[in-house]
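> Let me begin by handing over the structure; questions about it come next.
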């Protein structure tokens with residue numbers, strides 16, 4: 001089963017499609033969670049996902065806004081799609097009929 | 107302050123693999139982070155990368171099989187040499203008399219002791235360099251910085267815990283138990299002074315062990331660029347050099363071969379049939395000198411060819 005951050009990385013990379021690379025995934029995660037995403041956590045998670053066969057990464061073209069430096073392109077594999085889908089279904093199932101409103105708890 | 111942090115982040119990112127370094131620097135530039143945020147991010151990634159290496163069995167094999175034994179041997183050698191150097195320094199500096207300058211015997215002893223000390227210091231530096239070279243040679247390039255840090259930490263630990271002193275104590279106990287000739291103690295008036303007891307040994311360890319070892323690690327990592335035959339020769343002489351270190355330092359199997367615990371001649375106590383081998387090992391210890399000279403000449407030739415071209 002995926003970890004929480006692994007799911008966030010896979011989801012962000014899948015949504016970005018061909019534009020999925022390190023900085024873009026990081027921005028997407030920060031926008032979605034409202035929290036910072038460290039480069040260290042992102043890159044080590046990408047390595048872990050790649051070792052599990054859930055993503056493929058390669059060095060892409062450089063761009064002027066990156067000072068002529070190349071980017072690490074990320075592509076989610078079919079195995080990665082399955083893993084993310086399983087995680088999403090599991091979270092959805094376990095969250096069924098769960099209300100996170102404090103008023104309901106009282 | 108921001109510029110300093112960016113500069114530090116760039117320097118720290120050198121510890122990453124080249125492709126990752128490029129990608130990380132590009133990501134940081136694109137995200138328009140402040141210098142301190144960039145430094146924090148890069149530091150976090152570098153720590154994670156090297157922490158992951160610690161969980162690799164090869165790191166522990168290097169630590170237990172090479173780093174700890176070698177740093178212990180070098181520390182013992184360094185302590186012994188610092189002891190000898192301390193005695194001579196104490197004799198000349200702490201007991202100075204201008205009248206000595208008029209004595210021919212003084213100049214004779216000074217030249218002899220300077221020559222002996224210089225030879226021993228050179229031997230220690232060559233051993234340290236060889237040890238670093240072997241460590242660099244057996245490390246993958248990305249592991250070399252971690253192995254260097256482990257090497258220094260082990261050296262520091264050995265010095266702080268006083269392992270060489272404990273080994274000397276152990277050797278004294280063994281000699282006493284086996285009724286062997288007593289190992290003479292270190293010179294008390296010399297070791298009573300903190301400079302000779304603490305600072306001088308640390309200086310010897312820093313300049314004759316740590317610095318040459320770093321240099322050796324750096325060269326050992328680069329040896330892949332050599333021709334295969336030359337790599338084999340370099341591999342053989344560096345191992346031989348460490349064998350020489352092993353058989354010359356007390357505290358191990360060869361402890362009982364020496365009466366005083368200090369090695370006057372390397373082949374003292376060995377069967378005569380082995381003397382040529384041991385004598386050859388004695389000269390192999392200085393192989394780094396040939397390496398340095400060859401590299402310097404090679405650089406000069408390359409520079410001359412570049413200028414001509």
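Residue numbers (this note's numbering), protein chains in the order written: chain A, 1 to 106; chain R, 107 to 415. Cβ atoms here follow ideal geometry from the backbone N, Cα and C, with glycine treated the same way.
1) How would you call residue 370 of chain R, buried or exposed, if buried means at least 16 neighbouring beta carbons within 10 angstroms?
2) Mind pulling the chain R residues with CB within less than 7 Å of residue 38 of chain A?
3) So residue 102 of chain A contacts chain R; which residues on that side make the cut at Cβ distance below 9 Å?
4) In its own chain, which residues sit with a C-beta less than 8 Å from the C-beta of residue 68 of chain R, not counting the 5 before and 5 after it?
5) Is it a yes or a no for the segment 342-354 of chain R touching the segment 384-399 of chain R, going by three-plus beta-carbon pairs under 8 Å?
6) Could you tell me the boundaries of the beta strand (DSSP E) in which residue 62 of chain A lies?
7) Can you tell me whether residue 79 of chain A is buried or exposed, with buried defined as 16 or more other CB within 10 angstroms of its CB?
8) What does the alpha-carbon distance come out to for the pair residue 83 of chain A and residue 50 of chain A?
9) Under a CB-based cut-off of 8 Å, is residue 244 of chain R close to chain A?
10) Do we get a CB-CB distance below 8 Å when we pair residue 71 of chain A with the residues of chain R?
11) Contact between the segment 305-316 of chain R and the segment 226-235 of chain R is defined here as three or more beta-carbon pairs at a separation below 8 Å; is this criterion met?
12) For residue 22 of chain A, decide whether its Cβ has a neighbour in chain R, counting only Cβ atoms nearer than 8 Å.
13) Rounded to whole angstroms, what's the CA-CA distance from residue 297 of chain R to residue 159 of chain R? Just pull it up for me.
14) In whole angstroms, what separates the C-alpha of residue 207 of chain R from that of residue 219 of chain R?
15) If you measure from the beta carbon of residue 35 of chain A to each beta carbon in chain R, is any gap under 8 Å?
16) Inspect the CB distances between the segment 174-192 of chain R and the segment 301-311 of chain R and report whether three or more fall short of 8 Å.
17) Looking at chain R, is there any beta carbon in it that lies within less than 8 Å of the beta carbon of residue 7 of chain A?
18) Only counting the same chain, and skipping five residues up and downstream in sequence, which positions put a Cβ closer than 6 Å to that of residue 212 of chain R?
19) Exposed or buried, what is residue 238 of chain R when buried is set at 16 or more other beta-carbons lying within 10 Å of its beta-carbon?
20) How about residue 151 of chain R and residue 40 of chain A: are their beta carbons less than 8 Å apart?
21) Check distances from the C-beta atoms of the segment 63-97 of chain A to those of chain R and list, in chain order, the residues that come in under 9 Å.
22) Using a Cβ-Cβ cut-off of 8 Å, state whether residue 18 of chain A counts as contacting chain R.
23) Below 8 Å between beta carbons: does that hold for residue 75 of chain A and residue 52 of chain A?
24) Kindly say whether residue 128 of chain R, judged by its beta-carbon, lies nearer than 8 Å to any beta-carbon of chain A.
25) Look at the Cβ atom of residue 131 of chain R, then the Cβ atom of residue 119 of chain R, and state whether they are nearer than 8 Å.
26) Three or more C-beta pairs under 8 Å: does that hold for the segment 1-12 of chain A against the segment 32-48 of chain A?
27) Name the one or two DSSP bridge partners that residue 21 of chain A has.
28) Which runs of the beta strand (DSSP E), 3 residues or longer, sit entirely within the segment 159-222 of chain R?
29) Just the C-alpha distance for residue 20 of chain A and residue 58 of chain A, rounded to the nearest angstrom, thanks.
30) Rounded to whole angstroms, what is the Cα-Cα separation between residue 26 of chain A and residue 391 of chain R?
31) Does the beta-carbon of residue 359 of chain R have 16 or more other beta-carbons within 10 angstroms, so that it is buried, or is it exposed?
If we stick to the structure as given:
1) With a pLDDT of 43 at residue 370 of chain R, under the threshold of 50, the predicted position of this residue should be treated as unreliable, though the coordinate-derived value follows. Flag for residue 370 of chain R reads exposed.
2) Within chain R, the residues near residue 38 of chain A are 147, 150.
3) Neighbours of residue 102 of chain A on chain R: none; closest Cβ ~34 Å, over 9 Å.
4) Because chain R here runs from 107 to 415, residue 68 of chain R falls outside it and cannot be looked at.
5) Contact holds: three or more Cβ-Cβ distances are below 8 Å.
6) 55-63
7) exposed
8) So the two alpha carbons sit approximately 13 Å from each other.
9) So no, residue 244 of chain R is outside the interface.
10) yes
11) yes
12) yes
13) Rounded to whole angstroms, residue 297 of chain R to residue 159 of chain R spans 41 Å at the Cα level.
14) 16 Å
15) no
16) These segments touch.
17) no
18) Taking C-beta separations shorter than 6 Å and ignoring five residues to either side along the sequence, the partners of residue 212 of chain R in its chain run 206, following chain order.
19) buried
20) yes
21) Residues passing the 9 Å Cβ filter: 63, 65, 66, 67, 68, 69, 70, 71, 72.
22) Chain R, which has no Cβ nearer than 8 Å to the Cβ of residue 18 of chain A, makes this no.
23) Result no, Cβ atoms of residue 75 of chain A and residue 52 of chain A do not sit closer than 8 Å.
24) yes
25) yes
26) yes
27) A:73
28) none
29) Each residue's Cα considered, the two are about 11 Å apart.
30) Near 53 Å, if we compare the C-alpha coordinates of residue 391 of chain R and residue 26 of chain A.
31) Bear in mind that a pLDDT of 41 at residue 359 of chain R, under 50, signals an unreliable position, so the number given afterwards is only what the model happens to contain. Burial is judged here by how many other beta carbons sit within 10 angstroms of a residue's own beta carbon; residue 359 of chain R has fewer than 16 and is exposed.
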